[in-house]
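Notes for the one structure printed next.
Numbering (UniProt numbering), first residue to last: 1 to 203.
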């Protein structure tokens, strides 16, 4: 008679989860040797696995809650920014009010809305050529154009397009990980589209 493989035993136990309930004497005699924990029973292993699984779930829930809180804050900020678009009638006032609103977010240290200038051509060509959006770190030379020395991560949005740039909306954070490519930009992009329409009207 051929010996059962570990896989066959595992598949049988998965298909018959009540095996140890129907055969408690077998469970009582089963002990597994582990290098780190010594001799332990299947029950203890299952308990440890459940604790680890619960910890993972708890961490995931905490991450989702934090993300929801951040999204709510961003939504409120850009709702206020949207209102500024239609209550300000010159570029300088609009830029100043947007900065005051955005920088109430403790994670964002700088906000700049600047009119296009030729000095930004290299920045646009390097960071904003494809879709007019860049999130991440910038070089010292690029940082000197818009940000202070403490800024570690940035979000750049081109207003207009590379052939006809109108302005640049730039956010800076002292947190190196705050702005990164995977960050959700839905609320920002909605605002950028509205901002572009408004600046064309004010031009």
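By construction, the Cβ of each residue, glycine as well, lies at the ideal position given by its N, Cα and C atoms.
- In this structure, the beta-carbon distance from residue 167 to residue 159 falls below 7 Å.
- Boundaries of the beta strand (DSSP E) around residue 157: 153 to 160.
- Shown here for residue 123: same chain residues with a beta carbon closer than 7 Å to its own, the five before and five after excluded, namely 142, 145 in chain order.
- Judged by DSSP secondary structure, residue 171 falls outside any alpha helix (DSSP H) and instead within the beta strand (DSSP E) spanning 165 to 173.
- Taking a 10 Å sphere around the C-beta of residue 84, we find 16 or more other C-beta atoms and assign the residue as buried.
- Cβ neighbours of residue 192 within its own chain (closer than 6 Å, five residues either side excluded): 157.
- Closest by C-alpha distance to residue 77, out of 102, 62, 86, is 102.
- Contact between the segment 121 to 136 and the segment 180 to 198 is present: three or more C-beta pairs spanning the two stretches fall below 8 Å.
- Within the segment 38 to 95, the runs of alpha helix (DSSP H) that reach at least 4 residues and sit entirely inside it are, in chain order, 42 to 85.
- Assigned with DSSP and collapsed to three states, residue 112 falls in strand.
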